[in-house]
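The numbering used here applies: residue 34 is where the sequence shown begins, and numbers increase by one.
Beta carbons are placed, not taken as given, at the ideal position from N, Cα and C, and that holds for glycine.
In what follows, a single structure is set out as structure tokens and then discussed.
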Amino acid sequence: MIRLIANNVCLDMLSNYELRPLEIDDFNSFLEIQGDALVNSPEVFGSDYHWFEHLSLLSKELRFTKYMNYPYQFLLGAVRSTGQIDGMVGFSCDYTQSKLRHKGKIWGAYVRPECRFKGIGTKLIESVIETAQNTVDCELIHLSVSTSNSDSYNLYLRMGFTVYGTELRALKVGDEYVDEYLMVKFLR
Ligand SMILES: CC(C)(COP(=O)(O)OP(=O)(O)OC[C@H]1O[C@@H](n2cnc3c(N)ncnc32)[C@H](O)[C@@H]1OP(=O)(O)O)[C@@H](O)C(=O)NCCC(=O)NCCS
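This is how it looks when you write it as structure tokens:
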């Protein structure tokens, strides 16, 4: 059942979301959650909010359409019936390169702050792992996560990822450096 909601109030039930690869028609909703992510979690993404905001609409759209290549390169969204995206995660696998196509990468996991701790992040990551394993036939998945980001780190540990290294000063946000754990999950 879909409850009536204000835009900044999260749906209660995970079953009220459709988990699906984002499509070109989701572009405006994507811009909204991407802006939210770059403001609320600047340490998580390589892109900078001001840089992103100054891109032309066409550049933003071109960047977005790069991810319309399911199951190799896509953004999986947790989407309301209204089209609003409350969570998303990216997946990439360079299937054109025979030496690289055995591995995939998860990136850009983000759930709106008011929608967290309801299982959306877990469902998104689980679903991407399932696609990587059963549809793409990946052998392993890589990701990186800030060493201070215990919420996501714990989630990835629960999903079976392990740390294989640490990238020191992986990002610089203002004057602060962000170290990142490099994590891997072997699928076979
Ligand atoms: C990381 C992130 C995507 C997780 O999203 P989420 O939707 O809150 O994830 P979940 O709800 O599935 O899991 C988070 C926690 O809530 C718990 N939880 C899940 N469903 C729950 C429920 N119904 N009631 C209470 N707790 C619940 C989970 O057990 C988990 O706890 P744990 O990590 O201590 O085991 C989100 O915190 C986020 O967007 N963070 C900022 C961006 C970020 O750090 N991205 C990761 C980049 S690598």
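Sort out for me which residues DSSP pairs residue i with in a bridge.
i	result
Pro54	Leu109
Asn102	Gln106
Leu176	Met216
Phe124	Phe107 and Ile139
Val206	Glu209
Whole angstroms are fine: how far does the CA of residue j sit from the CA of residue i?
i	j	result
Asp255	Pro104	Missing from the structure shown is residue 255; the chain here goes from 34 to 221 and no further.
His83	Val206	12 Å
Cys43	Asp119	8 Å
May I ask whether a heavy atom of ligand 1 can be found less than 6 Å away from the beta carbon of residue i?
i	result
Asp81	no
Asp59	no
Asn182	yes
Gly152	yes
Ser185	yes
Ser160	no
Report yes if the C-beta distance between residue i and residue j is below 7 Å; otherwise report no.
i	j	result
Arg221	Glu163	no
Leu108	Leu55	yes
Are at least three pairs of beta-carbons, each pair with one atom in the stretch 212 to 220 and one in the stretch 168 to 182, less than 8 Å apart? Yes: the two stretches touch, three or more of their Cβ pairs being nearer than 8 Å.
Touch check for the stretch 62 to 75 and the stretch 124 to 134: three-plus C-beta pairs under 8 Å? Taking 8 Å as the limit for Cβ pairs, the verdict is that the stretch 124 to 134 does not touch the stretch 62 to 75.
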